[in-house]
Every structure is written in structure tokens, then in C-alpha cells.
């Protein structure tokens with residue numbers, strides 16, 4: 017019996033789609049792309065292996081024809097799809113409705129070579145109504161979208177495969193460069209440079225605790241003295257730490273002495289209300305979510321990484337809970353508007369329902385890719401958040417609820433209220449306080465507050481000009497200006513989008529790449545660049561500046577959009593990018609600069625001069641190190657650039673020049689025991705390496721709380737003697753040992769290991785304590801407790817605890 021074969025990308029999407037299609041349809045997954053450029057030499061076909069361009073996977077000598085191969089991991093799935101196609105009378109290609117999805121469909125046709133009618137099936141939500149509508153509006157594959165995706169893939173391959181080897185030669189092996197990746201690294205490095213250049217400043221002010229009659233006290237802050245404004249953090253130059261404005265126009269800068277004198281002078285004055293001001297305000301709701309705004313809010317509100325957000329959104333989409341999650345559109349369909357307005361009316365009442373639906377200005381550049389905003393799916397109502405949790409787990413529910421509330425809030429009225437400002441006179445000093453009070457919450461009824469929507473103004477007693485107040489206390493406070501905040505995943509996505517760099521589908525992958533390549537490390541939620549990132553950005557800015565130029569990278573995105581619309585020829589664009597055609601082309605630029613780049617110059621990060629000698633961080637093949645003249649010093653692996661001051665570096669170099677501290681000598685061997693500091697922190701070493709032996713001296717990391725400067729000989733020998741055998745296990749007779757490892761101290765017996773609790777040293781733990789730990793159930797994933805689960809399957813039927821899939 018003939019069937020209609022429907023191919024989608026993922027098994028989860030296939031299962032959901034099959035529920036709505038029913039009999040007569042067979043839904044199968046391609047499991048992503050079935051063809052791609054070769055990822056290794058082993059995948060290059062023998063017939064082209066000797067070609068000069070074969071390594072690139074793109075024939076740069078003949079029209080930039082890509083070399084597509086079916087990876088070995090996909091061959092079995094391709095065979096399965098071919099077998100299913102033999103029994104089908106129609107082929108529906110139901111891959112995602114973006115460039116990547118269009119490309120997957122095209123590759124399926126190229127590989128499967130169907131002889132039956134082939135139709136492109138597109139929908140932005142997996143619901144029965146959306147599928148039925150899509151079946152009635154099938155179309156052909158959009159070759160312009162395919163060409164845009166192919167062009168992006170070729171450009172990214174050429175960029176990466178041509179520039180990365182240059183980084184290997186000039187900086188260190190295993191580095192990578194990328195069209196968007198390198199620009200993202202530059203953004204993170206530029207922010208760190210601003211932090212390094214920042215000069216702190218200290219200023220003082222006063223706060224007054226006041227009361228009117230029997231009402232609750234309130235606090236006001238000094239703003240003027242003698243009519244002259246008091247300096248605050250915004251008045252200082254970030255690069256010098258000095259006042260930005262000088263002379264008569266400068267605000268009054270209070271130091272500790274001036275603040276104390278002012279406090280003493282006005283402490284016996286009688287405070288009065290000098291003025292009360294009120295001004296109405298209106299706050300408008302944000303548009304429904306796009307991909308980037310969803311990633312930003314999920315990171316800011318729930319600390320989800322961009323990757324975690326997209327993985328959860330993918331599951332929500334594939335299970336029919338939300339619309340397609342890769343979009344830059346803020347449009348809502350008529351059905352969505354109707355559903356949202358119905359929920360608002362039912363949940364919040366008619367006063368929270370505007371007379372007409374709200375619309376938002378769209379940033380979408382390509383009408384062919386103008387999907388809806390991300391919203392709850394469904395033509396006949398939205399799924400409640402609790403129903404999502406039972407199906408996909410708590411984190412999926414949290415993300416869905418964010419989307420649900422944002423969609424509702426976008427269709428609710430403005431929030432309204434008034435801002436209050438109060439001035440209090442205390443002798444010739446003026447103190448102020450202010451805040452806002454909401455009269456009508458509007459969209460905030462669904463969206464909630466951001467934590468700063470209530471202030472002291474809501475708790476103030478009625479105040480009028482001339483009212484006498486009681487002074488309960490004066491306090492002088494010092495403040496220190498702060499450097500620019502590091503970028504987070506949310507703000508990096510925001511900045512990339514503002515610059516027009518990257519696209520919704522790429523942000524998570526970009527952040528993953530720069531973290532995986534160790535250009536960037538996480539410090540809490542902040543992104544801190546490594547010194548390797550500094551070296552790479554130095555090279556790119558000096559020698560390949562156009563490749564990390566924000567305007568150039570944006571223009572590349574615009575060109576890809578033009579190709580997707582059929583307004584720019586693919587071949588013309590690739591020829592210009594690679595060969596130049598009168599402009600700097602990638603190939604010619606690399607040939608021109610390769611011999612000119614001095615690795616010593618680009619791999620140095622100057623910190624300043626000490627006693628006439630340059631002090632710098634150098635990035636070597638095995639990591640960064642300090643250098644000054646002939647002196648070298650290891651750098652801790654976790655140090656970040658703005659924490660390495662010249663003073664700190666000089667101290668580290670001085671210690672290195674002295675040589676390692678000799679803690680003492682081992683009585684048994686007579687060898688010296690050294691205390692050193694290396695890339696991975698402080699450690700002790702027994703003896704010295706010898707020229708006639710490849711055997712390295714024994715080394716052991718210090719325990720937490722120990723320092724290279726104070727570790728004793730007894731402690732050092734104890735660490736070097738690890739693992740320490742405590743006894744034989746009473747059941748297995750296997751040795752029970754205590755030792756120290758990469759993740760800290762632990763006890764072990766055969767394959768069983770247990771971490772030692774804080775405060776319990778492997779040098780001191782007893783046999784009985786070790787047995788007690790080994791007899792306890794192992795806390796699975798304890799070392800990875802901060803890692804987010806890959807998936808939440810729901811609650812355990814007995815315990816009610818969430819059941820999670822973890823990586824490890």
C-alpha cells in the first residue's frame with residue numbers, strides 16, 4: 017500500500033507530526049543534515065584528494081563548487097529513507113522554515129533523487145490546524161534560500177580553513193577563526209581592555225534618615241551644597257579617574273575629610289521640605305520574543321545559557337507547545353492575537369484588554385523568512401504552563417512560562433503612574449529622594465516587576481513644601497567608581513544583534529565555540545577573555561583588520577540576505593570575498609601578510625614598564641606566561657587579564673627570579689623539596705629533572721588553603737606520598753586509600769570513590785571516616801552540580817523529585 021512519506025529533521029518532531037497526520041502518512045527524521053562539506057581528510061573522495069583545493073572542500077578554482085559528502089554517521093539513515101521512499105507515492109519535505117531547513121530539504125532531494133511528486137511543507141507551529149493549512153499550501157524548494165545557506169557555509173569554511181592555520185603558526189596550535197566567532201571574541205576583548213584602562217575614583221556623600229511626625233522613617237541622599245551639585249560616579253573620566261569637568265562647571269567633589277566636616281556642620285540644623293515634585297509616566301510592554309530577546313531574558317532572569325535556552329525551545333517547538341524558535345519577527349498571527357486577548361480577558365479582566373490588538377515595528381529583513389514571533393502554539397487557545405512541566409520538565413515549563421507571559425504582556429495596556437521627587441533642606445545642603453508609584457499596572461499584571469518598580473516613594477508620608485522634619489541621623493559614605501561590566505551571554509547577543517552581526521540561529525553556536533576554544537571563560541554569568549583571545553585579536557586587528565571590522569561583517573550578513581532574496585549572484589559574491597576583484601580578497605590578503613607577521617609582537621600583551629624593562633604577558637604554545645627581560649614566570653590558568661596588574665606581575669616575576677622555595681630535603685632520597693606555582697596553581701616537587709633521564713620529578717598539588725610560601729616540609733612530603741593507604745576494606749580486602757586529584761581530595765577503594773568533605777584532609781582522614789564515606793550512596797553528578805541537565809523527564813511517581821538526564 018502506497019504511503020505519503022514526510023521527512024523532518026528530528027525524531028521528536030517526527031513523533032509530534034505523526035500524531036496529527038494519522039494513517040496514510042509515514043513520518044521519518046533525517047536527523048539533521050544528510051550531506052555536508054568533508055570534516056576530515058578521510059571523508060574526501062579519492063578522485064579529488066590530490067586536488068589543491070580538496071582540503072577546503074570547496075573548488076575555489078572552478079566556481080566555488082562545494083564538495084558535498086554523506087558522512088558515515090548518516091549513511092544508514094539515508095539507506096532507510098531510500099527504502100521508505102520506494103513505497104511512497106508522494107514525498108513531503110517538512111524541515112524547518114529557515115535557510116538551514118530549506119537546505120536540508122534540498123540536500124534530501126539531491127541524495128534521495130525521488131521519482132514521485134515532491135512537495136515542500138512549511139509551518140511555524142506543530143498543531144493540527146497548522147499542519148492542515150500547510151498541506152493545502154505546499155510549495156517548491158526555494159533555491160534562493162538554499163543558495164544563501166550554501167554561500168554562508170562556503171564563506172565560513174574558507175574563512176576558518178584559511179585563517180585558522182595562520183593562527184596555528186603565529187599564536188598557538190588548535191586555535192580557530194570564524195566570520196562571526198572572531199568578531200564576538202573582539203567584542204569581549206574590547207570590553208576587557210576598557211576594564212584594564214579604567215581608573216577607579218573615590219567620592220563621598222551623606223545620607224540623612226528623616227521622619228515626619230509618627231510616620232515611618234525614610235532616607236534621602238545629599239545632592240547639593242550651597243546650590244552646587246555633588247559629584248557622583250558619572251562625573252569621572254573612566255580613563256583617568258579624575259573629574260571629567262574642571263573649574264567652575266565642575267560639581268563639588270567631597271573627600272572623607274570634607275564629608276565629615278559637612279556632617280558635623282549640618283548635624284544640628286532643622287530639616288524642612290524644600291520642594292515636592294510629581295510627574296506622570298507611562299511604561300509600554302516589550303514586543304513578543306524574537307530569538308535574541310528570548311536568549312537575553314532567559315539568561316538574565318533564569319541564568320540559562322544561550323545553548324540551554326535554544327535546546328529547551330527546540331523541545332517546546334517539536335512537542336507542539338511554541339511556534340518556531342529561530343526568528344527575528346515580532347509579528348503575531350490573527351489566531352494568536354485572538355487567543356492572547358481571550359486569556360487576558362479571562363485571567364485579568366476587561367480593564368487589562370486594549371480596545372485593539374497592539375502591533376510592533378518589525379526588524380525582519382526578508383519577507384520569505386518572516387516567521388511569527390516566538391509565542392505559545394495553538395489556534396484554539398494556549399497551553400497552560402503546568403501542562404508543559406508534566407510533559408517536558410521544570411526548566412521547559414519555566415521557559416514556556418516566560419514566553420507565555422511575554423506574549424500576553426505584549427497585548428496588554430501600558431502601565432501608568434507618577435514619579436515623585438522630594439528635596440529636603442538641611443542648612444545650605446540639599447538632600448533628595450525619589451521613586452515611582454503605579455496607579456495602573458497594565459501589562460505588568462502578567463509580566464511582573466523587574467524588582468525596581470517599588471521605592472521609598474510608595475511608603476512616604478504626605479509631604480508638602482515647608483513641612484518640618486526630624487533628623488534621626490546622618491551618615492557619611494564613600495563610593496568607588498566601577499569599571500564597565502563584562503559582557504554576559506545576554507549582552508553579547510544584544511550587542512551582536514545591534515551591530516547586525518550573526519543571525520538568530522547562530523548566537524548559541526557562537527557562544528559555545530568561543531567557550532569551547534577557551535577564548536572566553538565564564539566568571540559567574542560574565543564572559544572573561546583569556547590572554548589567548550588578546551593575542552588572536554591583536555593579530556586580526558593589526559593584519560586582517562577588515563575581517564573583524566563590525567561594518568564589514570554586517571555587510572556580509574546583508575549580502576547573504578540579498579542572495580536569499582535573489583538580488584545578489586552567489587558566484588559574484590564568493591569571487592569578491594575570496595579573490596578580491598579589485599578589493600582585498602581573503603586569499604591575497606593571507607599571502608601578503610603571512611611572512612610579515614612577527615609572532616613575538618602579536619603574542620605579547622604589555623602590562624607596563626618596571627625599572628626601565630618591559631613587563632608583558634606572552635602567549636606561548638603551552639599557555640600564557642609573564643616575561644620581563646630574561647625572567648619568566650608561570651601564570652595561574654584561571655587568571656583573567658584585568659586582574660593582572662603591573663604590580664602583581666612584578667611580584668610574580670620577582671618570586672620567579674628568586675627560584676622556587678626550598679621547603680627542605682627528603683630524608684630518604686636526600687633530594688630537595690620545592691614549593692612552586694604553575695599554570696594550574698601551587699604545587700610541591702621532589703628533586704630536579706636530570707638530563708640523562710626522561711622521568712619527571714614527582715609533583716603534587718597543594719590542598720585548598722595551603723600556600724607555596726608557607727607549606728611545611730611535613731605537609732609537602734605528605735602530599736608527595738599520596739595516595740595514602742588507610743587499611744583493607746573489611747568486605748573485599750581491597751586497599752582503602754586517600755589521595756588528591758584534579759577535582760580535590762577523595763577516598764577510594766577499587767572503583768568506588770567519594771569526595772572528602774570540606775575541612776577533611778587526605779593527610780589526616782582516618783580509616784573509619786573513609787569507610788563511613790564509602791558506605792554512603794554516591795552523590796551522582798556532585799562535581800557537576802552546576803551543569804544544567806540535558807533534559808528533565810518529569811517527576812518521579814514515588815518521591816516527586818525531578819528525573820533528569822545529565823552529561824557524564
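Numbering (the numbering used here), first residue to last: 17 to 824.
We treat Cβ as the ideally placed atom computed from N, Cα and C, and that holds for glycine.
For residue j and residue i, the rounded distance between their alpha carbons
{"i": "residue 454", "j": "residue 414", "result": "27 Å"}
{"i": "residue 350", "j": "residue 429", "result": "18 Å"}
{"i": "residue 637", "j": "residue 188", "result": "5 Å"}
{"i": "residue 459", "j": "residue 36", "result": "35 Å"}
{"i": "residue 238", "j": "residue 605", "result": "59 Å"}
{"i": "residue 579", "j": "residue 518", "result": "16 Å"}
{"i": "residue 291", "j": "residue 251", "result": "25 Å"}
{"i": "residue 476", "j": "residue 229", "result": "12 Å"}
{"i": "residue 684", "j": "residue 186", "result": "46 Å"}
{"i": "residue 816", "j": "residue 520", "result": "Reliability of the predicted coordinates at residue 816 is poor, the pLDDT of 49 falling under 50, and no value is obtained from them."}
{"i": "residue 584", "j": "residue 81", "result": "17 Å"}
{"i": "residue 548", "j": "residue 172", "result": "22 Å"}
{"i": "residue 198", "j": "residue 610", "result": "18 Å"}
{"i": "residue 662", "j": "residue 321", "result": "34 Å"}
{"i": "residue 242", "j": "residue 423", "result": "51 Å"}
{"i": "residue 107", "j": "residue 140", "result": "20 Å"}
{"i": "residue 626", "j": "residue 640", "result": "20 Å"}
{"i": "residue 799", "j": "residue 70", "result": "Legend: pLDDT at residue 799 = 43, less than 50; position of this residue unreliable, value from coordinates given subsequently. Their Cα atoms are separated by approximately 44 Å."}
{"i": "residue 647", "j": "residue 667", "result": "12 Å"}
{"i": "residue 30", "j": "residue 404", "result": "19 Å"}
{"i": "residue 695", "j": "residue 86", "result": "42 Å"}
{"i": "residue 767", "j": "residue 788", "result": "16 Å"}
{"i": "residue 278", "j": "residue 624", "result": "40 Å"}
Close beta carbons around residue i, own chain, < 8 Å, minus the five adjacent residues each side
{"i": "residue 235", "result": "223, 224, 225, 226, 449 and 472"}
{"i": "residue 8", "result": "Past the boundaries of the shown model lies residue 8; the chain is included only from 17 to 824, so the question cannot be answered."}
{"i": "residue 260", "result": "251, 252 and 253"}
{"i": "residue 500", "result": "207, 210, 211, 214 and 254"}
{"i": "residue 597", "result": "591"}
Proximal residues to residue i (C-beta, below 7 Å), its chain only, five neighbours per side dropped
{"i": "residue 550", "result": "205, 621 and 657"}
{"i": "residue 682", "result": "689, 702 and 733"}
{"i": "residue 32", "result": "142, 334, 335 and 336"}
{"i": "residue 122", "result": "157 and 162"}
Supposed contact pair residue j and residue i - C-beta distance, whole angstroms, cut 8 Å
{"i": "residue 376", "j": "residue 401", "result": "Contact doesn't hold; Cβ gap of about 24 Å is too wide."}
{"i": "residue 167", "j": "residue 589", "result": "6 Å"}
{"i": "residue 337", "j": "residue 425", "result": "18 Å between Cβ atoms; not a contact."}
{"i": "residue 537", "j": "residue 544", "result": "5 Å"}
Cβ pair residue i, residue j closer than 7 Å
{"i": "residue 178", "j": "residue 602", "result": "yes"}
{"i": "residue 594", "j": "residue 174", "result": "yes"}
{"i": "residue 672", "j": "residue 649", "result": "yes"}
{"i": "residue 314", "j": "residue 526", "result": "no"}
{"i": "residue 44", "j": "residue 100", "result": "yes"}
{"i": "residue 724", "j": "residue 698", "result": "yes"}
{"i": "residue 110", "j": "residue 137", "result": "yes"}
{"i": "residue 427", "j": "residue 342", "result": "no"}
{"i": "residue 825", "j": "residue 742", "result": "The chain is shown only over 17 to 824; residue 825 falls outside these bounds and no answer can be derived."}
{"i": "residue 3", "j": "residue 754", "result": "What the structure shows of the chain is the stretch from 17 to 824, and residue 3 is not part of that stretch, so it cannot be assessed."}
{"i": "residue 434", "j": "residue 219", "result": "no"}
{"i": "residue 557", "j": "residue 436", "result": "no"}
{"i": "residue 73", "j": "residue 54", "result": "yes"}
{"i": "residue 346", "j": "residue 301", "result": "no"}
{"i": "residue 735", "j": "residue 700", "result": "yes"}
Chain-order list of residues whose beta-carbon lies under 6 Å from that of residue i (same chain, five-residue window excluded)
{"i": "residue 145", "result": "395"}
{"i": "residue 484", "result": "288"}
{"i": "residue 524", "result": "322, 323 and 326"}
Enumerated in chain order, which unbroken segments of the alpha helix (DSSP H) with a length of 4 residues or greater are wholly contained in the segment 22-53? Listed in chain order, they are 27-37.
Considering only residues of the segment 158-195, which uninterrupted alpha helix (DSSP H) runs meet the minimum length of 4 residues and lie entirely inside it, listed in chain order? Entirely contained in the segment 158-195, the alpha helix (DSSP H) runs reaching 4 residues are, in chain order, 159-186.
Scan the segment 314-370 and note each continuous alpha helix (DSSP H) run of 4 residues or more that stays entirely inside, going in chain order. Restricted to the segment 314-370, the alpha helix (DSSP H) segments that are unbroken, complete and at least 4 residues in length are 322-334 and 350-364, listed in chain order.
Jot down the residue ranges of each uninterrupted beta strand (DSSP E) in the segment 751-789, minimum 3 residues, whole runs only, in chain order. DSSP assignment within the segment 751-789 yields the following whole beta strand (DSSP E) runs of 3 residues or more, N-terminal first: 751-757, 760-765 and 768-771.
Suppose only complete runs of 3+ residues qualify. What are the beta strand (DSSP E) ranges in the segment 229-277, listed by chain order? If we require 3 residues or more, the beta strand (DSSP E) runs fully inside the segment 229-277 come out as 234-241.
Residue ranges of each alpha helix (DSSP H) run of no fewer than 4 residues wholly in the segment 585-624, ordered along the chain? Inside the segment 585-624, DSSP marks whole alpha helix (DSSP H) runs of 4 or more residues at positions 586-595, 602-610 and 615-618, from first to last along the chain.
In the segment 416-450, which residue ranges form an unbroken beta strand (DSSP E) of at least 3 residues, counting only runs that do not cross its ends? Complete beta strand (DSSP E) runs here, min 3: 431-442.
Curious, which full-length beta strand (DSSP E) runs of at least 3 residues does the segment 693-757 contain? With a minimum length of 3 residues, the continuous beta strand (DSSP E) runs that stay inside the segment 693-757 are 697-702, 714-717, 740-744 and 751-757.
Scan the segment 529-589 and note each continuous beta strand (DSSP E) run of 3 residues or more that stays entirely inside, going in chain order. Every beta strand (DSSP E) of 3 residues or more that sits fully in the segment 529-589 is shown, in chain order, as 536-539 and 542-545.
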